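Shown next, in structure tokens, is the structure this report addresses.
In structure tokens form, the structure reads like this:
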């Protein structure tokens, strides 16, 4: 882990409040694993303002890409960052997804929760001996479905669900997932789930892994202070007690989570 | 060449810069981001006899000029601290600093006996003990012991009898006058004081009409509390000959030098590390630069050195 001073390569608004932030971060890019996160100091905020944690969409060729949604004061201030600016980024942080899977890999993402799943999919596709994953992506509307083309370019089969039916299946992302899982059960196909998104979605995915003999890897999001395990603010309840999301997570085994 | 060594009630520090308890984990979490060679001591997160789960979530809220937290002293128990945390800290910190960086154990308890027992079990495994009698975030223990000079004296005396290590007592800011608390600590055998702990604070979510923190209230730290802390350090210094470890909103060298001039022997960086782990090194280097600029050959010359 280092505090790397990173030059902003690009910062593109892709609509509906979502942006890609690309940072020149050679040290971090070489070390990052899918599911880990970076802790960004937002230059426009006052000196005492806390850092903001972001999961990593991609890390490649010396660059780290973050996909984020403007949701509050910190991300709104981050919008002001321009290409050429230098920002302080702490990372790589936390424990990510296991880079090991000998069965079908099913990725389930909601909204900007697809970010770490994209990084995961890239690594899975590039590695020998890992399955080509399938993605189930959900959003409130078609505008909340992010990076679908980027997944398809990787050769990942994408199934879409929206709450309002403006794209793909009308309903929850678990609806089409359940159809596939029923099919898997009929054929005895084994699988693992990898998920990131809003809590209710994650809970639903975790239920589909625990007690079924399948593994689930759930990326949690809790309000953080330090990001390095020092302050004990970002607690996630687990079978081990009060675990720190930033260092014992953000990716937890589904069977360890207490909801 | 400026001599940066200070002595905090028997604790020899190579520099006057420490970390504040609760903001630096058990001392190894920030390796890679903080320059340990600039540190005079590390204060670990509070421990008691048994592991403690802390408060429910949410545990913090960012506010203008700082942070309100109610972590509730989640932490390890003394046995695990001794068997795992301390050896790990010794090895890792020495490797990154190139020398040993003293470790201060911050301890708390639900009774006078518990404080003393934790101190006794620590033996000489750490380099100093900081008594937390002022945490606003736990119902029993912590704060209750720091709000009455007579009770405070009991805790300090019992702990004093249980340890030969330098004994630092961390005081609460929310008292009408700090002097009786300082006197109680001094009379009961404390070697040093540390101040200030966080200031009791509360944030309300007006849309939901509920307190933001699960604990309802918490403690305020950060830039906003710094002038409050300077005043208390100044007042405490006037009331005692005990050395003072000052903390509360140290974000740069100027903040730290204010503390030293107000009467502190050393300073601790806390909340600032969350936003910038480089603050520790910047504070150290800035103090040295200040000494050079003003013709001081030793940092110790700054303590209480106000031009009256």
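Residue numbers (my numbering), protein chains in the order written: chain A, 9 to 267; chain B, 919 to 1226. Don't be surprised by glycine CBs; every beta carbon is placed ideally from N, CA and C. As the structure is a computational prediction, the values presented were derived from the model and not from experiment.
task = Reducing DSSP to helix, strand and coil, say where residue 21(A) ends up.
result = strand
key: Beta-carbon proximity of residue 1110(B) to residue 1067(B), cut-off 7 Å   = no
ask   = For the segment 44-68 of chain A, which residues have a beta carbon sitting closer than 7 Å to at least one beta carbon of chain B?
value = 49, 55, 56, 57, 58 and 59
request  = Measure from the alpha carbon of residue 174(A) to the alpha carbon of each residue in 187(A), 193(A) and 148(A), then state which is nearest.
outcome  = 148(A)
ask   = How many angstroms separate the CA atom of residue 1205(B) from the CA atom of residue 1092(B)?
value = 29 Å
message = In whole angstroms, give me the CA-to-CA distance for residue 1136(B) and residue 986(B).
response = 6 Å
key: Any chain B beta carbon closer than 7 Å to residue 76(A)   = no
Three-state secondary structure (DSSP) of residue 1011(B) = helix
query = Would you say residue 11(A) faces chain B, with C-beta separation under 7 Å as the test?
reply = yes
query = Count the other CB atoms within 10 Å of the CB of residue 111(A); is the residue buried (16 or more) or exposed (fewer)?
reply = exposed
query = Since residue 985(B) meets chain A, which of its residues come closer than 8 Å, beta carbon to beta carbon?
reply = 56, 58 and 233
inquiry  = What would DSSP say about residue 238(A), mapped onto helix, strand or coil?
reply    = coil
query = Hey, quick one: how far does the beta strand (DSSP E) through residue 1053(B) stretch, first residue to last?
reply = From DSSP, residue 1053(B) is part of no beta strand (DSSP E); its letter is neither H nor E.
query = Sorted by chain position, which residues of the same chain lie with C-beta nearer than 7 Å to residue 130(A)'s C-beta, five sequence neighbours on each side aside?
reply = 66 and 162
request  = Using a threshold of 7 Å, state whether the C-beta atoms of residue 92(A) and residue 34(A) are closer than that.
outcome  = no
query = What are the residues that DSSP puts in a beta bridge with residue 1208(B)?
reply = Answer is none; residue 1208(B) lacks a bridge partner.
key: Short Cβ contact (7 Å threshold) for residue 56(A) with residue 1141(B)   = yes
key: Neighbourhood of residue 181(A) by C-beta, 7 Å cutoff - its chain only, sequence neighbours within 5 removed   = 116, 118, 144, 145, 146, 169 and 209
task = Would you please verify whether the beta carbon of residue 951(B) is less than 7 Å from any beta carbon of chain A?
result = yes
Candidates 178(A), 245(A) and 158(A): closest to residue 75(A) by CA position = 158(A)
ask   = What three-state label does DSSP hand residue 959(B) in the structure shown?
value = strand
request  = Give the secondary structure of residue 231(A) by DSSP, where H, G and I count as helix, E and B as strand, and everything else as coil.
outcome  = coil
task = For the alpha helix (DSSP H) holding residue 1170(B), just list the boundary residues, first then last.
result = First-last for residue 1170(B): undefined, no H or E at that position.
message = When you compare the segment 1193-1211 of chain B with the segment 935-955 of chain B, are there three or more beta-carbon pairs, one atom per stretch, that lie closer than 8 Å?
response = yes
query = What are the residues of the segment 1124-1152 of chain B that lie near chain A, defined by any Cβ-Cβ distance shorter than 9 Å?
reply = 1140, 1141 and 1142
inquiry  = Considering only their Cβ atoms, is the gap separating residue 258(A) from residue 232(A) smaller than 7 Å?
reply    = no
CA-to-CA distance, residue 45(A) to residue 179(A), given in whole angstroms = 30 Å
request  = Please compile the residues from chain B whose C-beta is within a distance smaller than 8 Å of the C-beta of residue 98(A).
outcome  = 951 and 1195
inquiry  = What does DSSP give as the partner residue(s) for residue 1184(B) in the beta ladder?
reply    = 1163(B)
request  = Within 10 angstroms of the Cβ of residue 42(A), are there 16 or more other Cβ atoms? Answer buried if so, exposed if not.
outcome  = buried
message = Give me, in chain order, the residues of the same chain whose beta-carbon lies closer than 7 Å to that of residue 183(A); leave out the 5 immediate sequence neighbours on both sides.
response = 169 and 177
message = Using a 10 Å radius around the Cβ and a threshold of 16 neighbouring Cβ atoms, would you call residue 137(A) buried or exposed?
response = exposed
request  = Compute the Euclidean distance between the alpha carbons of residue 1126(B) and residue 969(B), then round it to the nearest angstrom.
outcome  = 34 Å
ask   = Shortest alpha-carbon distance to residue 198(A) belongs to which of 207(A), 242(A), 98(A) and 224(A)?
value = 224(A)
task = Measure the beta-carbon distance from residue 1027(B) to residue 966(B) and round it to whole angstroms, keeping in mind my assumption that it falls under 8 Å.
result = 5 Å
Length of the line joining the Cα atoms of residue 1139(B) and residue 935(B) = 18 Å
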